[in-house]
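Note sheet for the following structure.
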Amino acid sequence: MSDEKSFHMTPDEFRRHGHAVVDWIADYHSRIESFPVLSQVKPGEIRASLPANAPAKGQPFDALLRDVEKLILPGITHWQSPNFFAYFPSNGSGPGILGDLLSSGLGVQGMLWSTSPACTELETHVLDWLVPMLGLPEKFLSSNSGGGVIQDTASSAALCALLAARERATNYASNQKGCDGRIVAYASSHTHSSLEKAAMIAGIGVSNLRLIDVDENFAMRPDALARQIDADKRAGLVPCFVCATVGTTSSNAMDPVAAIAEICRQHNLWLHVDAAMSGTAALCPEFRHLQDGVEFADSYCFNPHKWMFTTFDCDCFWVADRKALIRTLSILPEYLRNQATESGAVIDYRDWQIQLGRRFRALKLWFVIRHYGVEGLQYHIRRHVELAQQFADWVRNGSRFELAAPVPLNLICFRHKGGDAANQTIMERLNGSGDLFLTHTKLNGKFTLRLCVGQTKTEARHVEKAWKRICEEAEKL
Ligand SMILES: Cc1ncc(COP(=O)(O)O)c(C=O)c1O
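Each residue of the sequence shown is one higher than the last, beginning at 2 in my numbering.
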């Protein structure tokens, strides 16, 4: 056996190649501004450059890294570029990347407390840290009735919240018998599409997810919500859940959480607050008023992988009553039984999520928080908001463009006064130039440009250049 080739990478080879990979990543970040932000390849181009079949014999690692440079990089849209202003960001940082690397190195699968106690306990602890960091209610602490868990994405968090709401409203009968078509949920017409998907998966049905009208600022209208709930109750339906969004995807609108919470209280509905990107702003006390009323929420989520420098994926999800969530999602087959679980003294996070297995995501979040400290995180969030407000001022004070929505934080929705075709042309030319990347939405039926300032390394010069390039393209129309 000892004479046989093992095929494995030896520890020394791993060390050597690992150093090369870390060097490559560091160099990539130093030269990231030299690449077109939006990948310029055509559909199929990357696949056409790859061999048709897998190699029969293993290849040297150096060749792999060379191929990343040559074959893969052209097909990368550079989300970590400081000139990335599209969608909402998915930013990252050195400590986030290294925490993720360590998580891979440990290779832990933390489905149960006993399958790696540190994986569970660090997660509980860091999510407890975040409660006062974000000014969230104490009921979300694991030492109280609630607790936090890391989900992959805000979509999964919304699905878990909706399932728990459904079960609570049916006295835990729909898990057994399925839905009878009478359960209804509510969100605004500007709520993220993940809520629609959650309604499909939870068996509630898309037509039983009521999309409530928004006001002139694209925020949910509580009066319209109250009217719809009354109508549904009169029709013999069973309202169970409302999602309020703090920072909608389309325009960063802020649903009035306190007014919505009061309606939920009157009707005993589960209130989920989706603060996927904008929740990070709550690190700074001066922005917390945007989510006034969060103290009444049954659940809350935000994505450190969007705006809090934590490498994708990482969504933090809290519930006020962990028993409701666990009762909804817990199943204990014989092969997972163990003493720690039976003792009731531990958290088994498999009961707090859809899938069974789970990565050690808390490590990267812990690294990010410890590296930056609250002070460092606040510094960068304030800076991004300042830069976005500066951009909004340029739009306001110029003659060619107008703001299309309020700018509470770091997203500017604006449009050229020349109409849809002009805006689309500007966006396509900018994105085609590779100088920056921004995306669009439709507000009041009009094509609207969106520019979100949230990339880790975005500084004043990048935002200034973006505005200059936008004006140049407008000039050329
Ligand atoms: C408000 C809001 N909710 C949910 C999501 C879905 O995010 P995820 O990719 O984490 O599921 C997004 C994505 O941008 C979002 O903006």
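Just so it is clear, CB atoms sit at the ideal spot from N, CA and C, and this is done for glycine as well.
Here the structure is a predicted model, which means the values were calculated and not measured.
Original post:
From glycine 95 to asparagine 253, what distance separates their C-alpha atoms?
Top reply: For this step, residue 95 is matched to residue 94 along the sequence shown. For this step, residue 253 is matched to residue 252 along the sequence shown. If I take the Cα positions, the gap works out to 28 Å.
Subject >> Contact test: alanine 277 Cβ vs ligand 1 heavy atom, cutoff 7 Å >> reply: Indexing the sequence shown from 1 puts residue 277 at position 276. Because some heavy atom of ligand 1 lies under 7 Å away, the Cβ of alanine 277 counts as near it: yes.
Subject >> Among Thr449, Phe438, Asp299 and Asp233, the one whose alpha carbon lies nearest that of histidine 79 >> reply: Indexing the sequence shown from 1 puts residue 79 at position 78. Checking every option, the nearest Cα to that of histidine 79 belongs to Phe438.
Original post:
Do leucine 272 and alanine 232 come within 8 Å of each other at the CB atom, strictly closer than that value?
Top reply: Taking the sequence shown and counting its residues from 1, the one referred to as residue 232 is at position 231. Taking the sequence shown and counting its residues from 1, the one referred to as residue 272 is at position 271. Taking 8 Å as the Cβ cut-off, alanine 232 and leucine 272 do not qualify as a contacting pair.
Subject >> proline 305, buried or exposed, once every other Cβ within 10 Å from all chains shown has been counted against 16 >> reply: The residue given as residue 305 occupies position 304 in the sequence shown. Label assigned to proline 305: buried.
**OP:** Please find out if some non-hydrogen atom of ligand 1 comes closer than 7 Å to the beta-carbon of serine 1.
**Re:** Examination of residue 1 is not possible in this model, given that the chain is present from 2 through 478 alone.
Original post:
Less than 8 Å separating the beta-carbons of cysteine 414 and arginine 451?
Top reply: For this step, residue 414 is matched to residue 413 along the sequence shown. For this step, residue 451 is matched to residue 450 along the sequence shown. The answer is yes: Cβ separation under 8 Å.
Original post:
What do you reckon, is the C-beta of asparagine 218 under 7 Å from a heavy atom of ligand 1?
Top reply: As a first step, residue 218 must be located in the sequence shown, where it is residue number 217. No, since every heavy atom of ligand 1 falls outside the 7 Å radius drawn around the Cβ of asparagine 218.
Original post:
Which two residues bound the contiguous beta strand (DSSP E) that contains tryptophan 271?
Top reply: On the sequence shown, position 270 is the one that residue 271 refers to. In the DSSP assignment, tryptophan 271 falls within the beta strand (DSSP E) that extends over 271-275.
Original post:
Run through DSSP, which three-state label would methionine 309 get?
Top reply: Within the sequence shown, the letter at position 308 stands for residue 309. DSSP places methionine 309 in coil when its eight states are reduced to three.
**OP:** Provide the residue span of the alpha helix (DSSP H) that contains glutamine 456, from first to last.
**Re:** Locating residue 456 in the sequence shown gives position 455, counting from the first residue. Annotation for glutamine 456: no alpha helix (DSSP H) segment contains it, and DSSP assigns it neither H nor E.
Subject >> cysteine 265 versus serine 104: straight-line alpha-carbon distance, rounded >> reply: As a working mapping, residue 265 is identified with position 264 in the sequence shown. As a working mapping, residue 104 is identified with position 103 in the sequence shown. Looking at the two C-alpha atoms, the distance is approximately 40 Å.
**OP:** For cysteine 285, write down the residues that DSSP places opposite it in a beta bridge.
**Re:** Taking the first residue of the sequence shown as 1, we reach residue 285 at position 284. Looking at the DSSP assignment, cysteine 285 forms no beta bridge with any residue, so it has no partner.
Subject >> In DSSP terms, what lysine 466 is bridged to >> reply: By 1-based counting over the sequence shown, the position of residue 466 is 465. Beta-bridge partners assigned by DSSP to lysine 466: none are found.
Original post:
With which residues is phenylalanine 438 paired in a DSSP beta bridge?
Top reply: Here the question's residue 438 lines up with position 437 in the sequence shown. Paired residue(s): Phe85.
Original post:
Since tyrosine 301 sits in a beta bridge, which residues does DSSP pair it with?
Top reply: Here residue 301 corresponds to residue number 300 of the sequence shown, with the count starting at 1. Val274 and Trp319, per the DSSP bridge assignment.
Original post:
What do you reckon, is the C-beta of asparagine 304 under 7 Å from a heavy atom of ligand 3?
Top reply: With respect to ligand 3, the structure offers nothing, as its ligand set consists of ligand 1.
Original post:
Where does glycine 148 fall in DSSP's three states?
Top reply: Within the sequence shown, numbered from 1, the residue matching residue 148 stands at position 147. Looking at glycine 148 - three-state DSSP - the assignment turns out to be strand.
Original post:
Whose CA, out of Ile355, Pro12 and Val109, lies closest to the CA of glutamine 152?
Top reply: Within the sequence shown, the letter at position 151 stands for residue 152. Here the closest residue by C-alpha is Ile355.
**OP:** Classify lysine 418 as helix, strand or coil using the three-state DSSP reduction.
**Re:** For the purposes of this step, residue 418 is identified with residue 417 of the sequence shown, where counting begins at 1. It is coil, neither helix nor strand.
Subject >> CA-to-CA distance, methionine 201 to valine 207, given in whole angstroms >> reply: Position 206 of the sequence shown holds residue 207. Position 200 of the sequence shown holds residue 201. Their backbone Cα atoms lie some 6 Å apart in a straight line.
**OP:** Compute every distance between the C-beta of serine 156 and the non-hydrogen atoms of ligand 1, then say whether any falls below 7 Å.
**Re:** Counted from its first residue, the sequence shown places residue 156 at position 155. Yes - ligand 1 has a heavy atom lying nearer than 7 Å to the Cβ of serine 156.
**OP:** Would you kindly report the start and end of the unbroken alpha helix (DSSP H) that includes isoleucine 370?
**Re:** Within the sequence shown, the letter at position 369 stands for residue 370. Element bounds for isoleucine 370: 363-398.
Subject >> Coil, strand or helix - lysine 443 by DSSP >> reply: Walking along the sequence shown from the start, residue 443 turns up at place 442. Strand at lysine 443.
Original post:
What did DSSP end up calling tyrosine 350 once you bin it into helix, strand or coil?
Top reply: By one-based count along the sequence shown, residue 350 stands at place 349. Reduced to three states, the DSSP call for tyrosine 350 is helix.
**OP:** Kindly indicate the opening and closing residues of the beta strand (DSSP E) around threonine 246.
**Re:** Numbered from its first residue, the sequence shown carries residue 246 at position 245. Looking at the DSSP string, the run of the beta strand (DSSP E) that includes threonine 246 is 239-246.
Original post:
Is threonine 329 near glutamate 168, with beta carbons less than 8 Å apart?
Top reply: Here residue 329 refers to the residue found at position 328 when the sequence shown is read from its first residue. Here residue 168 refers to the residue found at position 167 when the sequence shown is read from its first residue. For threonine 329 and glutamate 168, yes; Cβs fall inside 8 Å.
Subject >> Minimum length 4: unbroken alpha helix (DSSP H) runs contained in the segment 75-141 >> reply: 95-107 and 118-134
Original post:
With distances taken between CB atoms, is the gap from leucine 135 to leucine 284 smaller than 8 Å?
Top reply: On the sequence shown, residue 135 is found 134 positions in, with the first residue counted as 1. On the sequence shown, residue 284 is found 283 positions in, with the first residue counted as 1. Yes, the Cβ-Cβ distance between leucine 135 and leucine 284 is below 8 Å.
**OP:** Write down the C-beta distance between threonine 121 and valine 347 rounded to the nearest angstrom, noting that I regard them as a contact closer than 8 Å.
**Re:** The sequence position of residue 121 within the sequence shown is 120, counting from 1. The sequence position of residue 347 within the sequence shown is 346, counting from 1. With a Cβ gap of about 7 Å, threonine 121 and valine 347 count as contacting.
Subject >> Validate contact between the segment 155-165 and the segment 303-322 using beta carbons, cut 8 Å, 3 pairs >> reply: yes
Subject >> 6 Å Cβ shell around alanine 262 - same chain, five flanking residues per side excluded >> reply: The residue you call residue 262 lines up with position 261 of the sequence shown. Leu272, Gly294 and Phe297, listed in sequence order.
**OP:** Could you tell me whether the Cβ atoms of histidine 417 and arginine 401 are closer together than 8 Å?
**Re:** The residue given as residue 417 occupies position 416 in the sequence shown. The residue given as residue 401 occupies position 400 in the sequence shown. Yes, the Cβ-Cβ distance between histidine 417 and arginine 401 is below 8 Å.
Original post:
Expressed to the nearest angstrom, what Euclidean distance is found between the alpha-carbon atoms of glutamate 124 and tyrosine 88?
Top reply: Along the sequence shown, one-based indexing puts residue 124 at 123. Along the sequence shown, one-based indexing puts residue 88 at 87. When rounded, the distance between both Cα atoms is 28 Å.
Original post:
Cβ of threonine 249 within 7 Å of any heavy atom in ligand 1?
Top reply: For the purposes of this step, residue 249 is taken as the residue at position 248 of the sequence shown. Threonine 249 Cβ: within cutoff of ligand 1.
Subject >> Proximity winner among Gly76, Val243, Ile213 and Ser82, relative to glutamate 46 (alpha-carbon distances) >> reply: Counting from 1 along the sequence shown, the entry for residue 46 is found at position 45. Selected option, being the one with the closest Cα: Gly76.
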